[in-house]
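The sequence shown runs 10 to 278 under our numbering.
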Amino acid sequence: MKKRWITPLRRISVIFVSLFFIISYRADIQILEGSLSGSRFIGFHLIDPFVTLQVIAAHNSVPANLIIGTVTIVLFYLAAGGRAFCSWVCPYGLLSELGEKLHFFLVRKKIIKGGLSLPVGRYWFFALWAGLSVVTGLLVFEIFNVVGILSRFLIYGAGAAGIWVLLVFLAEVFFARRFWCRSVCPIGSAYGLLNYVSVGRIARDGDCDNCGRCASVCIEPSILNFKNMKTEEGKPVYIKGSACILCGRCIEACPKGSMSYVSRFKNLV
Ligand code: SF4
Ligand code: SF4
Numbered sequence: 010m011k012k013r014w015i016t017p018l019r020r021i022s023v024i025f026v027s028l029f030f031i032i033s034y035r036a037d038i039q040i041l042e043g044s045l046s047g048s049r050f051i052g053f054h055l056i057d058p059f060v061t062l063q064v065i066a067a068h069n070s071v072p073a074n075l076i077i078g079t080v081t082i083v084l085f086y087l088a089a090g091g092r093a094f095c096s097w098v099c100p101y102g103l104l105s106e107l108g109e110k111l112h113f114f115l116v117r118k119k120i121i122k123g124g125l126s127l128p129v130g131r132y133w134f135f136a137l138w139a140g141l142s143v144v145t146g147l148l149v150f151e152i153f154n155v156v157g158i159l160s161r162f163l164i165y166g167a168g169a170a171g172i173w174v175l176l177v178f179l180a181e182v183f184f185a186r187r188f189w190c191r192s193v194c195p196i197g198s199a200y201g202l203l204n205y206v207s208v209g210r211i212a213r214d215g216d217c218d219n220c221g222r223c224a225s226v227c228i229e230p231s232i233l234n235f236k237n238m239k240t241e242e243g244k245p246v247y248i249k250g251s252a253c254i255l256c257g258r259c260i261e262a263c264p265k266g267s268m269s270y271v272s273r274f275k276n277l278v
C-alpha cells in the first residue's frame, strides 16, 4: 500500500514549527523563543549542535546552557533519526524541495541542462566552516547560514540577509539541484553524523525488483543503489550514512511498499 500521507505530514510539521516560533514571538506568549539556531521551549534551551561546535572552535569554551541545549537536541534526534531535522523541521529544506521541483521542470523543458553537483562532499565544507571559526574566533558560518537567516526572517520580519537565501535558492534552481543541503550545509552534516547511531532510520524490508523508483525521488540517489549493497534474505536493509534526510519519499515511491521508517527495535510505518 502506498503511503502518500508522509510528504503532506512532513510539510505540515515544518510549517507548524515555524508558525510556533512566529506566534510565540508576535503574541508575546514566550513558549518558544529564539530561532532554529538557538531557542528556549518553556524555559528549556535547544541549541543547534553546529552552533555549539562553532562556539567551542572559536572560543575554546562553552557555556553550560549551550551544552544542555545541545544535549537535549542530540538526544531527540538520536531517537527520531539524525537528519530528520532536515526534512521535518528545517524551513530551508522545504524551500529547497520547491527549488528542486522548479529545477526538474526547467530540465524537462530543456531550458537548463541540470545534473550539476559540487565537486567536494559535505564533510569538506563541514571542516572548512569549523576551521574558519578556529582561525577567526568568529561564528563565520552563521553569516551564511540559510537556516538561521530564514528562520529569523520568518519570525522577526524581512532583513537584507534574506537576499543571500534567495541567491542560494536561485543557484539551486538554475545550476545544481539541492547543492546546499547535499554538500554545503554543516548543520545537515552534523545531524548526518547522528544517522549512524540513531534509533529511527529508513530501511527496505520487503520484496525489491530494483525498479529504481525510490532512488529517482531521493535527494542522494546513490544511497538507494540496492544492486551494489550486500543484502541478506529476510533481513531489513538499513539506509546507512549521512545523506538520508528521512524524508520518506522513497517510502511513498516504492510500488511494492517495501520501504519503511523503522526503529532499531521494530517497524514504525
Ligand atoms: S542540510 Fe541544512 S539547509 Fe538543508 S535541510 Fe538540512 S539543515 Fe536545512
Ligand atoms: S533514502 Fe528515502 S528517506 Fe532517505 S533521503 Fe532518500 S528518499 Fe528520503
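No residue lacks a Cβ here, since even glycine has one placed at the ideal position from N, Cα and C.
- Between ligand 2 and residue 217, a heavy atom-to-CB distance of less than 7 Å is absent.
- Cβ neighbours of residue 52 within its own chain (closer than 7 Å, five residues either side excluded): none.
- Checking the 7 Å criterion, the Cβ of residue 97 is out of range of every heavy atom belonging to ligand 1.
- With a cut-off of 8 Å on Cβ pairs, the segment 259-273 is in contact with the segment 223-236, counting three or more such pairs.
- Boundaries of the alpha helix (DSSP H) harbouring residue 132: 131-145, taken from the DSSP string.
- The shortest CA-to-CA distance from residue 181 to any of 44, 123 and 139 is the one to 123.
- Counting only residues of its own chain and dropping the five nearest sequence neighbours on each side, residue 82 has a CB closer than 8 Å to the CB of 55, 56, 57 and 58.
- Excluding five sequence positions before and after residue 184, the CB atoms of its chain that fall closer than 7 Å to its own CB belong to 125, given in chain order.
- Short of 7 Å from the beta carbon of residue 247, and not among the five residues preceding or following it, lie these beta carbons of its own chain, in chain order: 210 and 212.
- Distances from the CB of residue 222 to the heavy atoms of ligand 2 are all 7 Å or more.
- Distances between the C-beta of residue 76 and the heavy atoms of ligand 1 are all 7 Å or more.
- In this structure, residue 192 keeps its C-beta atom at 8 Å or more from the C-beta atom of residue 143.
- For residue 159, the closest C-alpha among the options 208, 171 and 270 is that of 171.
- Comparing alpha carbon positions, the residue from 41, 145 and 216 closest to residue 69 is 145.
- When only Cα atoms are considered, residue 78 and residue 152 end up about 21 Å apart.
- Under the three-state reduction of DSSP, residue 159 is assigned to helix.
- Counted as a single uninterrupted DSSP element, the alpha helix (DSSP H) harbouring residue 65 occupies residues 58-68.
- Residue 202 and residue 195 have their alpha carbons spaced roughly 11 Å apart.
- In this chain, the alpha helix (DSSP H) harbouring residue 108 covers 100-117.
- Burial of residue 101 is indicated by the presence of at least 16 other C-beta atoms within 10 angstroms of its C-beta.
- When secondary structure is reduced to three states using DSSP, residue 167 falls in the coil class, being assigned neither helix nor strand.
- Considering only 12, 190 and 32, the residue with the shortest C-alpha distance to residue 163 is 32.
- Only residues of its own chain outside the window of five on either side were considered, and among them 155, 158 and 159 have a CB closer than 6 Å to the CB of residue 174, listed in chain order.
- With respect to the 8 Å criterion, residue 232 and residue 250 are classified as neighbours on the basis of their beta carbons.
- The DSSP assignment places complete beta strand (DSSP E) segments of no fewer than 3 residues inside the segment 184-244 at 210-213, in order along the chain.
- The criterion of a C-beta distance shorter than 8 Å is not satisfied by residue 147 and residue 199.
- In the structure shown, the three-state DSSP call for residue 55 is strand.
- For residue 47, the secondary structure class from DSSP, reduced to helix, strand or coil, is strand.
- Distance between residue 258 and residue 18, taken at the CA atoms: about 12 Å.
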